[in-house]
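Below you'll find the structure, written out as structure tokens, and then a few comments.
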Amino acid sequence: MKVISKSVLKIREIKNRDSKPFSVIAPNKQWIKENCSINDLAFKWIKKLPGKYTLILKINNKDCICKETNNSLESLGVRIPNNWFANIIEELNIPFVTTSVNLSGESPATDLDNMNKNIKNQVDYIIYKGKLENNPSTLINTLTDELIIR
293 MKVISKSVLK
303 IREIKNRDSK
313 PFSVIAPNKQ
323 WIKENCSIND
333 LAFKWIKKLP
343 GKYTLILKIN
353 NKDCICKETN
363 NSLESLGVRI
373 PNNWFANIIE
383 ELNIPFVTTS
393 VNLSGESPAT
403 DLDNMNKNIK
413 NQVDYIIYKG
423 KLENNPSTLI
433 NTLTDELIIR
């Protein structure tokens, strides 16, 4: 976990993001069920994955992620997007920290032209598939039954 912790800390440093937790792309629904508490609301939304949803779930197995991901909170944001990258995560069978490409408090980048230069200069790799024209995922807090459409 030391290498993973270092990587997550590097993301925090690049984004100037201190305590706000990151979400993860889960490798599959089974991983979610094995590592998180699933109430009726969570079960309903997990059935809709993959999709444009981030589910806030109570985490059961804190060893499934490094503590720097969610700062040792009792909850975790979990996604399974419907895209090619999620297929790679599924094949690797490990969760992957996910975040928007921006400095904390700024609007997310939608293409390489409006990507913060400090971020560009500090990351090891950029995977670019063209301009992003979609909205952020809908956030569903299964602990409070709160739905946030961004």
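Under my numbering, think of the first position of the sequence shown as 293, with each following residue one higher.
From the three backbone atoms N, C-alpha and C, an ideal C-beta is built for every residue, glycine too.
None of these values were measured; they are calculated from a predicted model.
Based on the DSSP secondary-structure assignment, which residues constitute the bridge partners of Leu365? BP columns for Leu365 are empty, so no partner.
Which listed residue (Ile432, Pro319, Arg304, Ile441) has its alpha carbon closest to that of Ala378: Pro319
Tell me, please, which residues DSSP counts as bridged to Lys350. Ser367
Per DSSP, Asn399 forms a beta bridge with which residues? Strictly speaking, residue 399 in this sequence is Ser, with Asn absent from that position. Beta-bridge pairing links Ser399 to no other residue.
Closest by C-alpha distance to Asn413, when choosing among Cys358, Ile306, Val300: Ile306
Using the three-state DSSP reduction, which class does Ser297 fall into: helix, strand or coil? helix
Straight-line Cα distance separating Asn352 from Val316: 15 Å
Once you ignore the five residues that flank Ser429 on each side, which residues in its own chain have a CB closer than 7 Å to its CB? Lys344, Tyr345, Thr346, Arg371
Using a 10 Å radius around the Cβ and a threshold of 16 neighbouring Cβ atoms, would you call Glu360 buried or exposed? buried
C-alpha gap between Leu301 and Lys336, whole angstroms: 33 Å
Per DSSP, which residues does Leu439 bridge with? Please list them. Ile432
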